[in-house]
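Chemist:
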Amino acid sequence: MSTALDRQIRPIYDALDTQSNKSAVLACNKVLKKQPNNVLVKALKALALVRLQKVEESLLLADEVLAKKPTDDGVLTAMMHVLRGLGRHSDIVAMFETAYKQHPQNEDLGTQTFFANVRVGNWKAAQQVATKMHKQFQDDRYLYWSIFSAVLQANDMATPEALRPVLLKLALRLISSGNTPSYFNPDRFYVHLLILRELEMYDDAATLLNHEIGQKICETSLVCDEIRRDIMKLKGACKQEGEQAKVKILEKKDRNWLEFLSLLDATFWDIASTSEPASEDVKAAVTEEIAKTRKVFSEAATVDGLKDRSGLLALLELEKRTKSHGLWTDACEIRMMAENYFSQFGDKACCYEDLLPYLAFEGEELEQWTSFLNSRKSFDTPDTLQRSINVYKLLRYNLTSAELTPELELARAQEYIKVYLDGLKFGVNLPDTELQPADDFAILVGHAYVSLWKLTGEESHLQSAAATLEYASARSKQSYRIRLLLIRIYHLLDHYRLMNVKQVQTDTLSHLILSRAAMWSLAPLGDITYMSECMEASQIYMSNSTETAEFIARAFSTERYSQIIDFIEFEDRLDNSLQRDLMKVEHVRMRVAHEPLNAELVDMELIELKFIFDRIHHDNRDFEVIPNYQPRCQPSFNEQTLPLKPPGAGWLSAYLKVYIRAFQEASDLDETVEDKLLIGDRPKPSNDPENQLPLRERLVKKRQEEIDDLSEDEKLFYEYTLALSEWVGPYHDYVRPPPSALLAEAAKSNDLKPGHPLKSMAAAANGSATNGHSKKDEEPPAVKESPELIPKFFDDMKSRFDAVISGTALPSELLHIVATTQEAYLLFALETVRFKPNSIIKQYKFGQLAQSFKDLRVKASSILNEMSTVLAKLGEEVATPDGRKAFVQASSSIQDSSGFDHDFVLGVAKKTTDARKQTYEGIAKGLAKVVKNHS
Amino acid sequence: MFKFNNINLDIWTETYGISFYLTYLSRWPDLCCVQEAPNGHMMGYVIGKAEGHGQDWHGHVTALTVAPEYRRLSLARKMMSLLEMVSDETYKGFFVDLYVRCTNSVAISMYEGLGYSVYRRVREYYGSLGLGRASKDEEDAFDMRKPLSRDPHRRSVRANGREFVVSAHDVS
């Protein structure tokens, strides 16, 4: 580059670097005036434009640059960012491939082409590029790139079953062709082992592993050691592994739990490895093994004392397995072991979770265990306090349903409160960044009150739980566990509280707040912050799709093959996260409620929802983080405090169908048009045979899995939407303008972007004429009466509403009914908006249809208005001094036990009732507004 | 990462973006380690890297954390010794260093127990915890170091490190 040009281009880069995209465009224009054909400047301008969201202009420039087949590094880099911004990943690959073809001796271009394929997961092409590079540059690194690409292709869901072994055998052959053996570095060795494992060539793998260098690698590399364990297990060499583990535990003092598991597996191998009932001889032999293993574990436990808990835990596991294999000798063994463990580690917080799998005691054993625990309560020091916390938790775990009467639970709650308040003295001097040692007692109080609420159905217990937990939260400000419980309880009562979660946590935790969030926000005057909350929580998915692929490429360049498979899985799990798309649907539901129902909303969301529809979802939601100390005969705290069953894949599928169908009918886009207008790549088609059916057929198919996920009200709603779209569908199909007309319109309004999106317009006009023009010659479909189900739905919801109002339902249940009714109304509006103009009614003789619509709308409106009035009245009633008094009285049980003064409870009461008032009033007003907007 | 909520919801533990974790995993996977309980819950993890030039080549502890319910079991001690072992044997570093908030007294005394000493105090290294008190101590970090076998004369540490203050710009 000449220095003069360099001087001109520098400011463009500077502007881009500082995100001053507007000045970058200006700077580009200045250069382009003098040198209209400068490809680099064009590419940079396209980049600035795409960052400014000027997609159309950027597209035009990008196509011009691509047509020049650039090979210059600067141009290629700029274009990579442009195309990424436009979502045209396959064009990035094509661009680098073209460049590399022109300069096959350029190693850097080869690498870039390889990475471009890696980023989009195009393993077959990646493998070919790497092979070519290996031939050209003779570097083993490229050989391993090609080997691992073949492995990844074999792993890919889209690869046919029969092709997989072929690819793996190819990879194996390539390994032996390398200049250096695979144990040159641990990651290459890992690749070699992986291939042998997939091909089930365990003996060959064992030979490698038993080699001196193989052993050495496994000692320092955790990933290689992990795959070694796996192979040995598959090979059936359990006993050999057990022997090694024994040595490691005793001599090297290795306390890796996996070693203990190896030894356990080996001990029971003769019984566990066959499905046939074991002979007496075998039983005797195994019993002997058990005795030996018990000695090993006991020795480890004695040596470690308080330093490590593995030995004692392994003993417990040993007894448990002995029992499950029917080799029981002494009935009290497990209990003795548990008592032993408790005596040593009872003052550690992990004690409860460690012991849980072993405590399903009955009868006499249970009695003894209970009295053992009861004798261990004491509250003298912080250590004994922790011990007592464990005692209370463990006792609670084994409560039988006979012991779970309201009276006994209430007594327990009061005892927990008492010990909690006593325990606070140990944390008086702690800085406020520390957790209070007594926190878990407050958590137990919360559990007891929730259980009381479940037993009696009285809301007052939830209020007591909230008041206690608020008190505890104020004393232990950093306790996220207390906050989690509060979020759940408030959700039942009416409002929500925020948690500060970031990054990946949004995928696993946002369900706490956002599942069925539309229910809370459906009213336009309700909580609009929910919408921004959805957007914020979705950020992680954007950064996943740009960043993770990049790191897969980077892991190739540093040859960390062992990480790549994990990265790919991570990317896939985030990309196809159930929570991601649940949130998407919630966002759509909120948009429909808050925004005008115009073509922009309908068309855009239609396309996006259709993309989601084919995904196979992963559920990454973390429900385990919510503490659970409920007795084993009760559902967990999480299950008890869910207002409705958490939405799963079935729920998502049902709601996707509902909205895709409604949008499809309301939209003018049909599939041929959509194809032409779409910028960027489509998602990879999935291989599920279910998905091969035409979309229309799949949309009307109800599946049991969906029904199971819906609440009763949602089931009614689902039926309603099916009936509605079946009824209105034919009229939509008739009135919808033909694709050719639409494309012509789009071309006219978009003179700026010739070429790319509309290139095959002529073909479209011919190809899809069947469902376009020809139809207009037919008679309009005869107008049918509305199906009975539609008015009935509104009546049903009304009576559900009345029943709940007169009963003692929680606010969340009431809101669910209101929200579902409103959603039905909105969908009705969405499905009928096309038929509103008088011209349409006249042109197609739809007078009678319009009348049916009107009748239904009036009916639904009046029901919704009525609900709105009732809610507004409830809102007024709740936040009065009387309402607060009721709350305070309801929680009298926690005041009795001292400590909580009247004012504190009154404060919580005020907060709760005010929040409820706000929710009710907001939603009441919102309802009225929705009705007005769409009437 | 889908399972670390029980650890990362704690106030002392920072949650980073995807690229942070993937950078470490793609470059120093052997300096990253997770400890799981037998029931599959995550108990704690350590993330580290190797960096520096010449005499300054060392292992660095980027994050070390244990979930509240698995504390007081010497888990941190074990993870630190793993990281020291790998820094020493695989990466041949001279020392291991780490940063810690000056207010995190529990952690500081643990590191001292493990043989670390304060090398210097770094001003305004951390963001505020938003607790609004003693903010100086809160945002400042101690740089703590422990020499490894390649530094038998303990050149990488000094005795009066607490008084040795540098600003955050001067450290990487």
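Going line by line, the protein sequences match chains E and Y.
The numbering used here applies: residue 336 is where the first sequence begins, and numbers increase by one.
The numbering used here applies: residue 238 is where the second sequence begins, and numbers increase by one.
Glycine residues also receive a C-beta, built at the ideal position from the N, C-alpha and C atoms.
Could you list which residues in chain E have their beta carbon closer than 8 angstroms to that of residue 224 of chain Y, in chain order?
Modeler: Because residue 224 of chain Y is not part of the residues shown, which for chain Y are 238 to 409, the question remains open.
Chemist: Determine the extent of the alpha helix (DSSP H) in which residue 1176 of chain E is found, giving its start and end residues.
Modeler: 1173-1179
Chemist: Chain E beta carbons: is any one of them nearer than 8 angstroms to that of residue 340 of chain Y?
Modeler: yes
Chemist: If contact means a Cβ-Cβ distance below 9 angstroms, which residues of the stretch 728-744 of chain E contact chain Y?
Modeler: none
Chemist: Tell me whether the beta-carbon of residue 668 of chain E lies closer than 8 angstroms to the beta-carbon of residue 654 of chain E.
Modeler: yes
Chemist: In chain order, what residues of the same chain have a beta carbon less than 6 angstroms from the beta carbon of residue 567 of chain E, not counting five sequence neighbours either side?
Modeler: 576
Chemist: Going straight from the alpha carbon of residue 1116 of chain E to that of residue 1181 of chain E, what length do you get?
Modeler: 10 angstroms
Chemist: Would you identify the three-state DSSP class for residue 217 of chain Y, choosing helix, strand or coil?
Modeler: No statement about residue 217 of chain Y is possible, as the shown extent of chain Y runs from 238 to 409 and does not include it.
Chemist: Within its chain, find whatever has a CB closer than 8 angstroms to the CB of residue 1048 of chain E; leave out the 5 residues flanking it on each side and keep chain order.
Modeler: 1132, 1135, 1151, 1152, 1155.
Chemist: Buried or exposed for residue 446 of chain E, please, with buried defined as at least 16 other CB atoms from any protein chain shown within 10 angstroms of its CB.
Modeler: buried
Chemist: Does the distance from the CB of residue 380 of chain Y to the CB of residue 327 of chain Y come in under 8 angstroms?
Modeler: no
Chemist: From residue 400 of chain Y to residue 359 of chain Y, what distance separates their C-alpha atoms?
Modeler: 10 angstroms
Chemist: Helix, strand or coil for residue 394 of chain Y, going by three-state DSSP, please let me know.
Modeler: Residue 394 of chain Y: coil per DSSP, three-state reduction.
Chemist: Pick out whichever of E:1066, E:1067, E:1064, E:1035 has its Cα sitting closest to the Cα of residue 1054 of chain E.
Modeler: E:1035
Chemist: Going straight from the alpha carbon of residue 296 of chain Y to that of residue 353 of chain Y, what length do you get?
Modeler: 13 angstroms
Chemist: Tell me which same chain residues have a C-beta within less than 8 angstroms of the C-beta of residue 264 of chain Y, skipping the five on either side of it?
Modeler: The beta carbon of residue 264 of chain Y is closer than 8 angstroms to those of 286 in its chain, skipping five residues each way along the sequence.
Chemist: Do the stretch 328-336 of chain Y and the stretch 376-391 of chain Y touch if we need at least three Cβ pairs shorter than 8 angstroms?
Modeler: The stretch 328-336 of chain Y, when compared against the stretch 376-391 of chain Y, does touch it at the 8 angstroms Cβ threshold.
Chemist: What runs of the alpha helix (DSSP H), each 4 residues or longer, lie entirely inside the stretch 1025-1056 of chain E?
Modeler: Entirely contained in the stretch 1025-1056 of chain E, the alpha helix (DSSP H) runs reaching 4 residues are, in chain order, 1030-1035, 1039-1044.
Chemist: By Cβ distance, which residues of its chain are closer than 8 angstroms to residue 720 of chain E, with the 5 residues on each side in sequence left out?
Modeler: Spatial neighbours of residue 720 of chain E in its own chain (CB-CB distance under 8 angstroms, excluding positions within 5 residues in sequence) are listed in chain order as 714, 758, 761, 772, 773.
Chemist: Any idea what DSSP makes of residue 1103 of chain E, helix, strand or coil?
Modeler: Here the model assigns residue 1103 of chain E a pLDDT of 39, short of 50, so the residue's position is not dependable, and the following value carries that caveat. If DSSP states are grouped into helix, strand and coil, residue 1103 of chain E belongs with coil.
Chemist: State yes or no: is the C-beta of residue 904 of chain E within less than 8 angstroms of the C-beta of residue 883 of chain E?
Modeler: no
Chemist: Taking residue 595 of chain E as the reference, which of E:615, E:556, E:1068, E:574 has the closest Cα?
Modeler: Ranking E:615, E:556, E:1068, E:574 by Cα distance to residue 595 of chain E puts E:574 first.
Chemist: Looking at chain E, is there any beta carbon in it that lies within less than 8 angstroms of the beta carbon of residue 368 of chain Y?
Modeler: Low per-residue confidence applies at residue 368 of chain Y: pLDDT is 49, beneath 50, and the placement is therefore not dependable, though the value from the model is reported in the following sentence. It does: the Cβ of residue 368 of chain Y has a partner Cβ on chain E nearer than 8 angstroms.
Chemist: Beta carbons nearer than 7 angstroms to chain Y: which residues of the stretch 886-902 of chain E have them?
Modeler: 886, 889, 890, 893, 895, 897, 898, 902
Chemist: Counting only Cβ pairs nearer than 7 angstroms, list the residues of chain E close to residue 306 of chain Y.
Modeler: Result: 684, 685, 688.
Chemist: DSSP on residue 763 of chain E, reduced to helix/strand/coil?
Modeler: The three-state reading of DSSP puts residue 763 of chain E in coil, since its state is none of H, G, I, E or B.
Chemist: Using 8 angstroms as the limit for Cβ to Cβ distance, is residue 1106 of chain E near chain Y?
Modeler: Confidence in residue 1106 of chain E is poor, its pLDDT being 42 and thus under 50, which makes the residue's placement unreliable; the coordinate value appears in the next sentence. Not one chain Y Cβ lies under 8 angstroms of residue 1106 of chain E.
Chemist: Can you tell me which of the three DSSP states residue 270 of chain Y falls into?
Modeler: strand
Chemist: Does residue 1202 of chain E pass the burial test, meaning 16 or more other C-beta atoms within 10 Å, or should it be called exposed?
Modeler: buried
Chemist: So residue 276 of chain Y contacts chain E; which residues on that side make the cut at Cβ distance below 9 angstroms?
Modeler: The answer, in chain order, is 688, 689, 691, 692.
Chemist: In three-state DSSP terms, what is residue 278 of chain Y?
Modeler: Three-state DSSP puts residue 278 of chain Y in coil, outside helix and strand.
Chemist: Between the alpha carbons of residue 693 of chain E and residue 624 of chain E, how many angstroms are there, rounded?
Modeler: 21 angstroms
Chemist: Measuring CA to CA, which of E:1064, E:524, E:674, E:1142 is closest to residue 1119 of chain E?
Modeler: E:1064
Chemist: By DSSP's criteria, residue 383 of chain Y is part of a beta bridge. Which residues make up the other side?
Modeler: Y:333
Chemist: Any chance the stretch 450-459 of chain E sits against the stretch 473-490 of chain E, with 3 or more Cβ pairs inside 8 angstroms?
Modeler: Verdict: yes, contact present.
Chemist: Just confirm the distance between the C-beta atoms of residue 558 of chain E and residue 897 of chain E, as a whole number of angstroms; I'd bet it's less than 8 angstroms.
Modeler: Rounded to the nearest angstrom, the Cβ distance from residue 558 of chain E to residue 897 of chain E is 4 angstroms, consistent with a contact under 8 angstroms.
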